[in-house]
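**Q** Protein chains in written order, with my numbering: chain V, 164 to 286; chain E, 164 to 286.
Even glycine gets a Cβ: it sits at the ideal position worked out from N, Cα and C.
There are 2 protein chains.
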Amino acid sequence: MKRFSKRRQLILDNLAGRSDHPTAEMVFSSVRDQIPNISLGTVYRNLKELAEQGTILSFSQNGKEHFDGNSKPHIHICCVNCGRIEDRPLPDSLRFVNEDSFLVKNVIVQGICSDCAKKSEVS
Amino acid sequence: MKRFSKRRQLILDNLAGRSDHPTAEMVFSSVRDQIPNISLGTVYRNLKELAEQGTILSFSQNGKEHFDGNSKPHIHICCVNCGRIEDRPLPDSLRFVNEDSFLVKNVIVQGICSDCAKKSEVS
DNA sequence: TCCTTATTAATAATGATTATCATTACTGAT
DNA sequence: ATCAGTAATGATAATCATTATTAATAAGGA
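(1) Quick check on residue 274 (chain E) - is its C-beta less than 7 angstroms from some C-beta in chain V?
(2) Run through chain V and tell me which residues come within less than 8 angstroms of residue 210 (chain E), C-beta to C-beta.
(3) Look at residue 267 (chain E) and residue 272 (chain V) and say whether their C-beta atoms are less than 7 angstroms apart.
(4) By Cβ distance below 6 angstroms, which residues in the same chain neighbour residue 270 (chain V) in space, the five residues on each side in sequence not counted?
(5) Measuring only between beta-carbons, confirm whether residue 221 (chain V) sits less than 7 angstroms from chain E.
(6) Using the beta-carbon count (16 or more within 10 Å), is residue 191 (chain V) buried or exposed?
(7) At a Cβ threshold of 7 angstroms, is residue 190 (chain V) touching chain E?
(8) Residue 204 (chain V) to residue 174 (chain V), Cα distance in whole Å?
(9) Smallest Cα separation from residue 169 (chain E): which of E:198, E:185, E:274, E:263?
(10) Given residue 222 (chain E), which residues of its chain have a CB within under 7 angstroms of its CB, disregarding the five upstream and five downstream residues?
(11) Of all the CB atoms in chain V, is at least one closer than 7 angstroms to the CB of residue 282 (chain E)?
(12) What's the gap between the Cα of residue 231 (chain E) and the Cα of residue 283 (chain V)?
(13) Quick one: list the residues of chain V neighbouring residue 204 (chain E), beta-carbon separation under 7 angstroms, in chain order.
(14) Using CA atoms only, rank isn't needed, just tell me which of E:235, E:207, E:206 is closest to residue 217 (chain E).
(15) On a Cα-Cα basis, can you pick out the residue from E:166, E:224, E:255, E:250 that is closest to residue 212 (chain E)?
(16) Rounded to the nearest angstrom, what separates residue 249 (chain V) and residue 225 (chain E) at their Cα positions?
(17) Give the straight-line distance between the Cα atoms of residue 247 (chain E) and residue 179 (chain E), rounded to the nearest whole angstrom.
(18) Determine which residues share a DSSP beta bridge with residue 212 (chain E) and list them.
(19) What runs of the alpha helix (DSSP H), each 4 residues or longer, lie entirely inside the segment 225-266 of chain V?
(20) Sort V:195, V:184, V:276, V:194 by Cα distance to residue 264 (chain E) and report the nearest one.
(21) Once the 5 residues before and after residue 279 (chain E) are set aside, which same chain residues still bring their CB inside 8 angstroms of it?
(22) Evaluate residue 209 (chain V) with the Cβ neighbour count: other Cβ atoms within 10 Å of its Cβ, from every protein chain shown; 16 or more gives buried, anything less gives exposed.
(23) For residue 286 (chain V), would you say it is in contact with chain E, using Cβ-to-Cβ distances shorter than 7 angstroms as the test?
Structural data, given as structure tokens:
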């Protein structure tokens, strides 16, 4: 029978309490403050399980998996230059997926943020 | 000075001539038919370079980087269950990014395709 | 308490990607 | 055409993130 262990709860709480989109390593170093002997493998295992059951969202960016405690489908805006990730609401316009009967779980928009665009302008 | 080598051209042509969204390994095994002694590292290096300069698109799915010879911003629908990836046009509605002055390069929509949804229905 | 089984820590193993480096192949000038 | 400089390559080692293994521990239920 599935148990809800102390560490799984801690990991879930940690995700819920932050607005960035941490990697497993980031969650690990954070929960370590509360349970110093927690293992990195435990963090990976639980994050994977939580993502598979839909309790949290996950997506990979820059070769690393990022996690989001907010499992409600929404948009992740990711700057491929500076790596910044921000949330945006899911617009109705993405109902196009209904035509495909495609059940949307998560949307990732890759591009260049305004700050990086400014910096790369030729002067 | 930047050169446009025979292998880079071959890799680019290979991408242009296929509608799937191959990984580096897939491109490698394909271009090998034409240049048998081409190295996997060469494929990785060129794909990375082409993606960085915006000639092709790239996004990671299931822990692997996928490439798309069509660099025009569009949507990639990815079923997280079966791994199928399909193209869709980018709707005007994604102009929301203009409010952020965010320059969209690529959009990835993760979810469950209709086939997988049917299969997982409890009967 | 005892038994069964989920969970864990520690660590080894895997798999994808990147770096290294000696060699090869362009390109432009002499 | 020869030469010098340098980009690109093949082969392979190294790296990094993630997953698997395994023996030990902990949590429920009988």
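**A** In terms of the structure at hand:
(1) yes
(2) The contacting residues do not exist; residue 210 (chain E) stays about 14 angstroms from chain V at best.
(3) yes
(4) 238
(5) no
(6) buried
(7) no
(8) 12 angstroms
(9) E:198
(10) 229, 239, 269, 271
(11) no
(12) 25 angstroms
(13) Per Cβ cutoff of 7 angstroms: no residues; residue 204 (chain E) is ~17 angstroms from chain V at best.
(14) E:235
(15) E:166
(16) 21 angstroms
(17) 19 angstroms
(18) Paired residues: none, contrary to the question.
(19) 259-262
(20) V:276
(21) 242, 244, 245
(22) buried
(23) Because the pLDDT of residue 286 (chain V) is 45, which lies under 50, any placement of that residue in the model is unreliable, and the question is left without a value.
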